[in-house]
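>
There are 2 protein chains.
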Amino acid sequence: MDNKNKSLSKNQKIVLDFIQKNKKPVKAYSILSNVQKKGINAPPQVYRALDKLIEKGKVHKVESQNSFVACKMANCDTPHATIFSICYECDNASEINDTKLFNYLSEFKDSSGSIFDGYNLEFFGTCNSCKKN
Amino acid sequence: MDNKNKSLSKNQKIVLDFIQKNKKPVKAYSILSNVQKKGINAPPQVYRALDKLIEKGKVHKVESQNSFVACKMANCDTPHATIFSICYECDNASEINDTKLFNYLSEFKDSSGSIFDGYNLEFFGTCNSCKKN
DNA sequence: GTAGTAGTGTTATAATATAACATAATTTTT
DNA sequence: AAAAATTATGTTATATTATAACACTACTAC
Ligand SMILES: [Zn+2]
Ligand SMILES: [Zn+2]
Ligand SMILES: [Zn+2]
Ligand SMILES: [Zn+2]
Chain A
31 MDNKNKSLSK
41 NQKIVLDFIQ
51 KNKKPVKAYS
61 ILSNVQKKGI
71 NAPPQVYRAL
81 DKLIEKGKVH
91 KVESQNSFVA
101 CKMANCDTPH
111 ATIFSICYEC
121 DNASEINDTK
131 LFNYLSEFKD
141 SSGSIFDGYN
151 LEFFGTCNSC
161 KKN
Chain B
31 MDNKNKSLSK
41 NQKIVLDFIQ
51 KNKKPVKAYS
61 ILSNVQKKGI
71 NAPPQVYRAL
81 DKLIEKGKVH
91 KVESQNSFVA
101 CKMANCDTPH
111 ATIFSICYEC
121 DNASEINDTK
131 LFNYLSEFKD
141 SSGSIFDGYN
151 LEFFGTCNSC
161 KKN
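For the record, the sequence lines run as chains A and B.
Numbered by the working numbering, the letters in the first sequence go through residues 31 to 163 in order.
Numbered by the working numbering, the letters in the second sequence go through residues 31 to 163 in order.
#1: Taking the alpha carbon of Y149 of chain B as the point to measure from, which residue in B:F132, B:K161 and B:S159 has its own alpha carbon closest?
#2: Would you mind stating whether G155 of chain A and S142 of chain B have Cβ atoms separated by less than 8 Å?
#3: Relative to ligand 5, is the shortest distance from any of its heavy atoms to the C-beta of H110 of chain B smaller than 7 Å?
#4: So is the beta-carbon of E152 of chain B under 7 Å away from any non-hydrogen atom of ligand 3?
#5: In this structure, how does DSSP classify S124 of chain A when only helix, strand and coil are distinguished?
#6: Can you list every residue whose CB sits closer than 7 Å to some heavy atom of ligand 2, going in chain order?
#7: Quick one: is N41 of chain A buried, meaning 16 or more other Cβ sit within 10 Å of its Cβ, or exposed?
#8: Determine, using beta carbons only, whether H110 of chain B comes closer than 8 Å to chain A.
#9: By Cβ distance, which residues of its chain are closer than 7 Å to Y77 of chain B, with the 5 residues on each side in sequence left out?
#10: Give the residues from the stretch 136-160 of chain B that approach chain A closer than 9 Å (Cβ to any Cβ), ordered along the chain.
#11: Give the residues of chain B in contact with Y134 of chain A, contact being defined as C-beta atoms less than 9 Å apart.
#12: Check whether the stretch 122-131 of chain A touches the stretch 61-79 of chain A, taking contact to mean three or more Cβ pairs, one atom from each stretch, closer than 8 Å.
#13: Which residue marks the beginning of the alpha helix (DSSP H) containing N133 of chain A, and which one marks its end?
#14: Given 7 Å as the limit, tell me if E125 of chain A has its C-beta closer than that to any heavy atom belonging to ligand 1.
#15: Is it the case that the Cβ atoms of L151 of chain B and K88 of chain B are separated by a distance below 8 Å?
#16: Just how far apart, CA to CA, sit V56 of chain B and K54 of chain A?
#17: Use the C-beta contact count for C117 of chain A: other C-beta atoms within 10 angstroms, 16 or more gives buried, fewer gives exposed.
See below:
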């Protein structure tokens with residue numbers, strides 16, 4: 031069985047549950063302060079849960095923001111091939127599900143003909159909601 | 031005149047000079063400890079120089095590594111449209127100069143038809159040098 | 001039921017980045 | 001050339017993000 035389909039531990043469930051409640055990406059220390067009532071007391075407990083959730087494809091890290099967001103694609107096949115659009119007004123991050131772009135990047139070869147194991151793509155702009163205001 | 035073509039300040043020159051001496055991306059505090067003999071004493075001086083060098087297209091940040099690397103393309107036209115391949119064995123980061131991919135991403139529209147102002151793409155894999163070993 | 005693996009709890013600390021304030025240098029405007 | 005505006009510098013302190021290390025527990029596989 032794939033690692034990503036294994037069941038979640040207690041702390042992993044608590045952390046994932048909080049992340050899923052938020053539309054926007056959340057910071058690790060925000061997770062910590064919000065789950066302390068559930069018995070998670072210290073940063074390593076959060077970061078360990080995050081590491082596993084990322085491995086399992088349940089959560090992605092938004093690298094340019096050091097924040098974490100739940101996968102909206104009902105389980106990313108490839109946790110290390112992610113595409114986001116990020117609004118620099120409101121910090122919202124939307125996972126982009128575009129098969130053509132996905133394939134384009136998965137098959138991309140560099141000048142030496144090498145293919146890559148994964149990628150992370152972050153687009154920046156103003157989201158539709160912020161454009162209206 | 032474009033901001034990126036403006037001349038560099040004293041601290042910006044010192045920081046850029048050190049980054050350019052390194053093939054691999056360097057960390058901010060590594061920059062700091064290496065330029066202290068040049069009179070740069072504290073983190074804000076390094077981070078401020080980095081911010082300006084990034085604006086001017088001389089330096090890019092490798093987001094997944096919190097490190098900084100000199101632009102190899104003799105001045106990136108678009109400092110906020112960068113493509114890297116990163117080796118997870120040796121941490122080397124190479125800027126990819128692929129016009130087709132560049133255009134593909136610049137013109138990419140999301141499901142709502144919106145185009146973006148910029149992007150950052152990081153490919154992950156084993157570099158050719160590490161593959162041989 | 002023992003061995004191996006994955007998870008937890010805890011303390012301390014490392015690594016990355018910015019706030020805030022005072023001053024100086026440079027550029028632009030008048 | 002003087003005043004105003006902008007950009008850069010120097011400095012101290014602190015905020016934010018992330019991991020090391022160690023003791024212990026729970027789960028899984030054979
Ligand atoms: Zn996903
Ligand atoms: Zn927005
Ligand atoms: Zn460049
Ligand atoms: Zn390598």
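Ideal Cβ positions, reconstructed from N, Cα and C, are used throughout, including at glycine.
Concretely, from the data shown:
#1: Of the listed residues, the one whose Cα sits closest to Y149 of chain B is B:F132.
#2: no
#3: No copy of ligand 5 appears in this structure; the ligands present are ligand 1, ligand 2, ligand 3 and ligand 4.
#4: no
#5: strand
#6: A:C117, A:E119, A:C120, A:N122, A:T156, A:C157, A:S159 and A:C160
#7: buried
#8: Interface residue, yes.
#9: A58
#10: Taking 9 Å as the Cβ-Cβ cut-off, the stretch 136-160 of chain B approaches chain A at F138, D140, S141, S142, S144, I145, F146, D147, G148, Y149, N150, L151, E152, F153, F154, G155, T156, C157 and N158, given in chain order.
#11: Neighbours of Y134 of chain A on chain B, chain order: L131 and Y134.
#12: no
#13: T129 to S136
#14: E125 of chain A: yes, Cβ under 7 Å from ligand 1.
#15: no
#16: 31 Å
#17: Using a 10 angstroms sphere on the CB of C117 of chain A, the tally of other CB atoms reaches 16 or more, which defines it as buried.
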